[in-house]
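Student:
Residue numbers (the UniProt record's numbering), protein chains in the order written: chain A, 1 to 347; chain B, 1 to 728.
1) Please specify which runs of the beta strand (DSSP E), each continuous and at least 3 residues long, are wholly inside the segment 52 to 97 of chain A, giving them in chain order.
2) Give, in chain order, every unbroken run of the alpha helix (DSSP H) that is at least 4 residues long and sits entirely within the segment 435 to 478 of chain B.
3) Under 7 Å Cβ-Cβ, which residues of chain A neighbour residue 274 of chain B?
4) Measure from the alpha carbon of residue 44 of chain A to the alpha carbon of each residue in A/160, A/188 and A/294, then state which is nearest.
5) State the DSSP-derived secondary structure class of residue 293 of chain B, mapped to helix, strand or coil.
6) Quick one, which residues of the segment 282 to 296 of chain B are near chain A if we go by CB-CB under 8 Å, in chain order?
7) Pull the bridge partners of residue 134 of chain A from the DSSP assignment, please.
8) Between the C-alpha atoms of residue 332 of chain B and residue 338 of chain B, what's the straight-line distance to the nearest angstrom?
9) Under 8 Å, with one C-beta from each stretch per pair, do the segment 606 to 623 of chain B and the segment 550 to 562 of chain B reach the 3-pair mark?
10) Note down the Cα distance separating residue 245 of chain A from residue 239 of chain A, rounded to an integer number of angstroms.
11) Using the Cα positions of residue 402 of chain B and residue 227 of chain B, report the straight-line distance between them to the nearest angstrom.
12) For residue 282 of chain B, which residues in the same chain have their Cβ closer than 6 Å to its Cβ, ignoring the five residues on either side in sequence?
13) Using DSSP bridges, identify the partner residues of residue 480 of chain B.
14) Identify every run of the beta strand (DSSP E) within the segment 190 to 263 of chain A, keeping only runs that are complete inside it and at least 3 residues long; order them along the chain.
15) Would you please verify whether the beta carbon of residue 65 of chain A is less than 8 Å from any beta carbon of chain B?
16) Label residue 331 of chain A either buried or exposed according to how many other C-beta atoms from any shown protein chain fall within 10 Å of its C-beta, with 16 as the threshold for buried.
17) Indicate the three-state DSSP secondary structure (helix, strand or coil) for residue 2 of chain B in the structure shown.
18) Mapping the DSSP letters down to three states, classify residue 649 of chain B as helix, strand or coil.
19) Given a cut-off of 8 Å on the beta-carbon distance, is the pair residue 225 of chain A and residue 207 of chain A in contact?
20) Using only the alpha-carbon positions, how far apart do residue 173 of chain A and residue 566 of chain B sit?
21) Is there a C-beta anywhere in chain B that falls below 8 Å from the one on residue 84 of chain A?
22) Quick check: what's the CA-CA separation for residue 48 of chain B versus residue 115 of chain B?
23) If I follow the unbroken alpha helix (DSSP H) through residue 531 of chain B, where does it start and stop?
24) Since residue 242 of chain A meets chain B, which of its residues come closer than 9 Å, beta carbon to beta carbon?
25) Taking the continuous alpha helix (DSSP H) assigned at residue 564 of chain B, which residues delimit it?
26) Give the secondary structure of residue 350 of chain B by DSSP, where H, G and I count as helix, E and B as strand, and everything else as coil.
27) Mind pulling the chain A residues with CB within less than 8 Å of residue 572 of chain B?
28) Does any residue of chain B have a CB that is nearer than 8 Å to the CB of residue 76 of chain A?
29) My output table needs one value for residue 155 of chain A: the three-state DSSP class, helix, strand or coil.
30) What first and last residue would you give for the beta strand (DSSP E) that runs through residue 277 of chain A?
31) Under 8 Å between C-beta atoms, does residue 68 of chain A make it to chain B?
32) Just reading off the beta strand (DSSP E) that residue 495 of chain B is part of, what are its end residues?
33) For residue 772 of chain B, which option in B/531, B/330 and B/644 has the closest C-alpha, if you only look at C-alpha atoms?
34) Distance check for residue 42 of chain A and residue 290 of chain B, CA to CA, integer angstroms please.
35) Taking 8 Å as the cut-off, does the segment 262 to 269 of chain B touch the segment 450 to 469 of chain B (at least 3 CB pairs, one atom from each stretch)?
36) So, at 6 Å on beta carbons, what are the nonlocal neighbours of residue 132 of chain B in its own chain, with the 5 sequence-adjacent residues on each side left out?
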């Protein structure tokens, strides 16, 4: 009888041990490897991974997550970092990580080849993060649904018309970096007081504050909303997918995001991370974006801009103050103000 | 001394003197000999890792009862067990990756001090044997009637819960009381806790919104009632009627549980959304204006009802089956009408099942994240709020922790209420005595109500799944219905290369990892869950309630919080397992264990203890009793927990989002990525494949475990009395 008990316990132990040995085999920290957290679309991430592997022979272990998730993970792992490089995703979490000393300074020899906005990002972040692509904020409308409304919005101000009541969709800035960019953009265009007046007026037309920043683009494509506010390249992806949508660059000017790249502090494969960093800034690497159906504007001056991409030089871009609006204090203040003054308003 | 005790002493020595003490990193020890002997605790201790040497002492102490067995065995075992565990914990937690971990040690001995990596096989084995020897010692002192199997089981389950639930959860809940820099800030906590956006009641008096806590509570209660009622209807139809499509009904009721997240929500939008198929028909035929009613409470309610009814069904079917017809027959003999019998005998006997189904529905609704994300609209619930407090633009982990505490409070309340409602009544209906009765046909109105609830619901489920099925094969659901196989080819392309098959589709990687992790975690979950249920219902020990609550804890906490807490707890020594598949398995085991526990408890509380006692009187030990008597009677619960844990491991999102790595990517994170990118077709195609895999797995599990054969006759069987047995 004792034997059976012993046997049971031993089986349990053996089970756990087998599970261990099955699963513990590969934490990719071996030599000649690179652990990358990737913040853009799966396809683009994969294209980058295989291209870099082919070029250098360095094996890349890539994990794709949204940039907010990557930030949360990098922060949680700070005591014993797992990743080497964090590539892609909107700039705010990168700035936040730089502010919190989660990433390291690096000056790439490729810096001279970059657009001004990319370098400005690098300077503002005290050399801890750099721009790899950029995309402007805008809105779009479903061309079939808009017919019955009798309007054709061209500016931010046009979105306030009562004809579009309950027809505008945007994300909740508390959860989405896209919507926070909108909040900061409106404030920078109109000033804080007028900006909040605008958002309160817009609130009457908003049918839903979505959680994810790209959701309004999808809802437009499905016909669930007439107007959606999102990054223009996200809307373009829908247009390329043959959705009946027109993309609009607002006439008052608009803000933009800078997709960024940072090296994680305490990276186990620091040399490879730097190699990747330099490579990711070359035109050869940056043109992979358009091939993977992502239509952001690349940061290297000599990378060909995809023809579908919204032309940044034809869009009136505001002089976006990433340092101010990216700081956690200002963000917390604006978000709680938006929560109290706008979101809780009755329709 | 028993051979078991001796065996564990040997294992303890092996763990210390033979196996590598540290890390699962194969890079540390390149050759096999170094790996086996050179990395052991003993060798490292002599080479300078002095903090490992004290562990030698309790191991030596264990040799004394081996040499002189007539001595006080119990005392020696207990003492060395406690000492050994304490020493391992002490060195593990005070010496970290970068030196001393406690400020006071830094001050006393100077910085940075010694450093060490995470524990490995050796440390795990030695710690386990100390724990089990301690339990053997306690059994020898007379605990749990001297049954070493019971004490060891309690010890192991408790240790696992402490390590994989209490430890990580406490690390993150502690951050509720800190500010951004991590210093203690109770006032900030009170401010965050009493925030109006959480507790506001504005919706009662005006058209403003109510607090997110009330929203969550309201939705949870609604969903719990709905799922329990529907689950009961399905269970009654499946067990008590001669409905012709029972099998089909069963499959369909289980379908939603095996559906990856987002897919149900997506299908609902395609059906009821403003441009949805049904809305279009209603508009064109009846002039019903298109609206967005699906976004908000109605949508979340419907999708959660779809998703969680199967859980209620799985819990309830075992219970309904187990109800003895004898009692009902007695009631009828006493001239009660069938409706009165149902109301006063059958229904009260189902109370453990109803209570557990309700509790699970409520807790599931609270923790659900995918459905509110897709369909929530402006109706906010705690789980999404928590997720975006961690990963959203706010990046406020403290706030997430505060919200988690509220969520936990609700779960705790539900748990307490359930206990209060069940009270101390006895629900035993499966006894050793033969059941002569035939299950009563349902009273008319109950049958009609069940059919009315279940059949439209089943049809609704079919429609939803038809949409999902079609979605994988058309170019773009809701817009372009050109048939295509592109989605499947992108995800699951297989090419024939010279050296064999090459899986070039982009989904294969995550697919294999997911199946592997799910297949590993399911049996572990079921084993630990049912063992726990057995301990909770059949044994009496102090701290039982706390123990029971502990098993529920990780289930109640939203996945996001569990995910982050697992990183915080397991990314640094002593237990350094992030980045491995092991952490995924453990996460699933402890998140899904409660279902095993609950369905086990519900089923066990029906089985008469005298069956166990008879076995014990005949000389069987508790382990044998469990294997030969309890387990066969537990088959429905085994199936429920195996199925549930397998399926959950394949469909869970929020917890694993932080735990996946390049090597262990999960199917759901892949799907979420696709949904985020707007590639619904690909997401749905992948989901279809997952659904088929899970269906196969469920059939396999059913087949492997088998049906429970109670000595009950079905109403349709003819009158010849069958040999009555409690168990085959």
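For each residue, glycine too, the CB sits at the ideal point set by N, CA and C.
Tutor: Straight from the coordinates:
1) List check, beta strand (DSSP E) in window: 59 to 64 and 85 to 87.
2) If we require 4 residues or more, the alpha helix (DSSP H) runs fully inside the segment 435 to 478 of chain B come out as 444 to 471.
3) Here the neighbours are 223 and 224.
4) Closest by alpha carbon: A/294.
5) Note: residue 293 of chain B maps to coil in three-state DSSP.
6) Within the segment 282 to 296 of chain B, the residues whose Cβ lies closer than 8 Å to some Cβ of chain A are 292 and 295, listed in chain order.
7) In DSSP, residue 134 of chain A forms a bridge with A/258 and A/297.
8) One C-alpha to the other measures close to 7 Å.
9) At 8 Å Cβ cutoff, the stretches do not touch.
10) C-alpha separation (whole angstroms): 6 Å.
11) Using only the alpha carbons, I get a separation of about 28 Å.
12) Closer than 6 Å at Cβ, skipping near neighbours: 288.
13) For residue 480 of chain B, the beta-bridge partners assigned by DSSP are B/476.
14) DSSP runs (the beta strand (DSSP E)) wholly in the segment 190 to 263 of chain A: 206 to 210, 227 to 231 and 245 to 248.
15) Yes, residue 65 of chain A counts as interfacial toward chain B.
16) By the neighbour-count criterion, in which 16 or more other beta carbons inside 10 Å mark a residue as buried, residue 331 of chain A falls on the buried side.
17) Residue state, collapsed to three classes: coil.
18) In the three-state reduction of the DSSP assignment, residue 649 of chain B falls in the helix class, which pools H, G and I.
19) Result yes, Cβ atoms of residue 225 of chain A and residue 207 of chain A sit closer than 8 Å.
20) Per the coordinates, the alpha-carbon of residue 173 of chain A lies some 27 Å from the alpha-carbon of residue 566 of chain B.
21) No, no contact with chain B.
22) For residue 48 of chain B and residue 115 of chain B, the distance between alpha carbons rounds to 11 Å.
23) For residue 531 of chain B, the uninterrupted alpha helix (DSSP H) segment begins and ends at 508 to 538.
24) Going along chain B in sequence order, the residues near residue 242 of chain A (Cβ under 9 Å) are 475, 476, 479 and 480.
25) Counted as a single uninterrupted DSSP element, the alpha helix (DSSP H) harbouring residue 564 of chain B occupies residues 559 to 570.
26) Reduced to three states, the DSSP call for residue 350 of chain B is coil.
27) By Cβ distance, chain A contributes 79 and 80.
28) Yes, its Cβ sits closer than 8 Å to a Cβ of chain B.
29) Residue 155 of chain A falls in the coil class under three-state DSSP.
30) Looking at the DSSP string, residue 277 of chain A is not in any beta strand (DSSP E); the run it does join, the alpha helix (DSSP H), is 270 to 280.
31) With 8 Å as the cut-off, residue 68 of chain A counts as an interface residue toward chain B.
32) Where residue 495 of chain B is concerned, the enclosing beta strand (DSSP E) stretches over 494 to 497.
33) Shown here, chain B extends from 1 to 728; a query on residue 772 of chain B therefore has no answer.
34) Residue 290 of chain B and residue 42 of chain A: Cα-Cα distance of roughly 35 Å.
35) Under the three-pair Cβ rule at 8 Å, the segment 450 to 469 of chain B counts as touching the segment 262 to 269 of chain B.
36) If the five residues before and after residue 132 of chain B are omitted, its C-beta is found closer than 6 Å to the C-beta atoms of 8 and 152, all from its own chain and listed in chain order.
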